[in-house]
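Residue numbers (UniProt numbering): 1 to 104.
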Amino acid sequence: MKIVFTLTCVFLFCSNIGFGQYYPDKEWERKSAESVNLNAVLLDSAVSIASPYENAVNRDLRIAILEAFSRELDFEILGETKHRDGPAGSAIDRNLKHSLNDKA
1 MKIVFTLTCV
11 FLFCSNIGFG
21 QYYPDKEWER
31 KSAESVNLNA
41 VLLDSAVSIA
51 SPYENAVNRD
61 LRIAILEAFS
71 RELDFEILGE
81 TKHRDGPAGS
91 AIDRNLKHSL
101 NDKA
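Have a look at this one:
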């Protein structure tokens, strides 16, 4: 039983070594659709479809927090809040990328 426990611990430890935390650079890398072999027309179409579904939470986080938690007992904001900018970028799913590569 000790061997099974030890092997399980070693396996779990080793399986997590390759999964470090990823933090993107402060400045996001920008590439054109053509430079990554995507059909620009289809990509623009996908972005225009997704845009109306952007997060609807107020961009002023103080107001967003008040709207979400103001009914909680003894609620108060204890620290600073910041104004949230627009969408920071897009992550393109591998499967979507394959469908966007097709000719329009």
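Even for Gly, the Cβ is constructed at its ideal location relative to N, Cα and C.
Asked: If I follow the unbroken alpha helix (DSSP H) through F75, where does it start and stop?; Found: F75 -> no alpha helix (DSSP H), and no H or E assigned at all.
Asked: Whose C-beta lies closer than 7 Å to the C-beta of I77 among residues of the same chain, with five residues either side of it excluded?; Found: R62 and I65
Asked: Which stretch, first to last residue, makes up the alpha helix (DSSP H) that contains S45?; Found: A40 to A50
Asked: Could you check the C-alpha separation between R30 and S51 for me, to the nearest Å?; Found: 19 Å
Asked: Using 9 Å as the threshold, is the C-beta distance between N58 and E72 below it?; Found: no
Asked: Classify L12 as buried or exposed, calling it buried when 16 or more other Cβ atoms lie within 10 Å of its own Cβ.; Found: exposed
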